[in-house]
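Before any comments, here is the structure.
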Amino acid sequence: MKTKLISLISLSVLLLTSCYYDNAEDLYGQLAPCDTANVRYSVQVVNILSQNCYRCHGGNAIDGAGVKLQDVKVVQSNALSGTLLSVLKHAPGYVQMPKNATKLSNCDIAIIEAWIKRGAPEN
């Protein structure tokens, strides 16, 4: 009887504390308004890329399939072809980026999308 009770309690604890995916925006909503009105490559886009992509796609990185996102021409090419947004939005048929990390926030994706809609200027 005691063994069954301990087993039942252990199973309950495991079920109640199992792993799950938390996205801060899903839990708390967007903390600040997402400003996509005046997106600049040299400010917002580079900041998002450096925080989330340069570890594998930076200058001396050996990962990243040879895609170097510190080169604005490479970023523009991937942006205008649709590849950049597809990998960031985790679209079917594309590798999900950032690899082995949490998906970018909706705001970060919206900022990059706004920049692309403006022609992906080098500004």
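Residue numbers (mature numbering (1 follows the signal peptide of the UniProt record, and there is no 0)): -24 to -1, 1 to 99.
Glycine included, every Cβ here is placed at the ideal spot set by N, Cα and C.
Exposure label - residue i; buried when at least 16 CB within 10 Å
| i | result |
| --- | --- |
| Leu56 | exposed |
| Ala96 | buried |
| Val21 | buried |
Opening and closing residue of the alpha helix (DSSP H) in which residue i lies
| i | result |
| --- | --- |
| Arg94 | Run containing Arg94: none; DSSP gives neither H nor E here. |
| Tyr30 | 30 to 33 |
| Lys49 | 48 to 56 |
| Val63 | 59 to 64 |
Option nearest residue i by Cα separation, candidates the options
| i | options | result |
| --- | --- | --- |
| Gln46 | Gly34, Ser53, Cys83, Pro68 | Gly34 |
| Asn99 | Leu80, Ala8, Val15 | Val15 |
| Leu64 | Gly42, Val22, Asn28 | Asn28 |
| Gly40 | Met73, Thr(-22), Lys79 | Met73 |
| Val48 | Gly58, Tyr17, Asp84 | Tyr17 |
8 Å Cβ shell around residue i - same chain, five flanking residues per side excluded
| i | result |
| --- | --- |
| Leu60 | Val51, Asn54, Ile88, Ile92 |
Cutoff 6 Å; reference residue i; Cβ partners in own chain excluding five residues on either side
| i | result |
| --- | --- |
| Thr12 | Ala86, Ile87, Ala90 |
| Tyr70 | Ser62, Val63 |
Minimum Cβ-Cβ distance from residue i to chain D less than 9 Å
| i | result |
| --- | --- |
| Ser62 | The structure shown contains no chain D; it holds only a single protein chain. |
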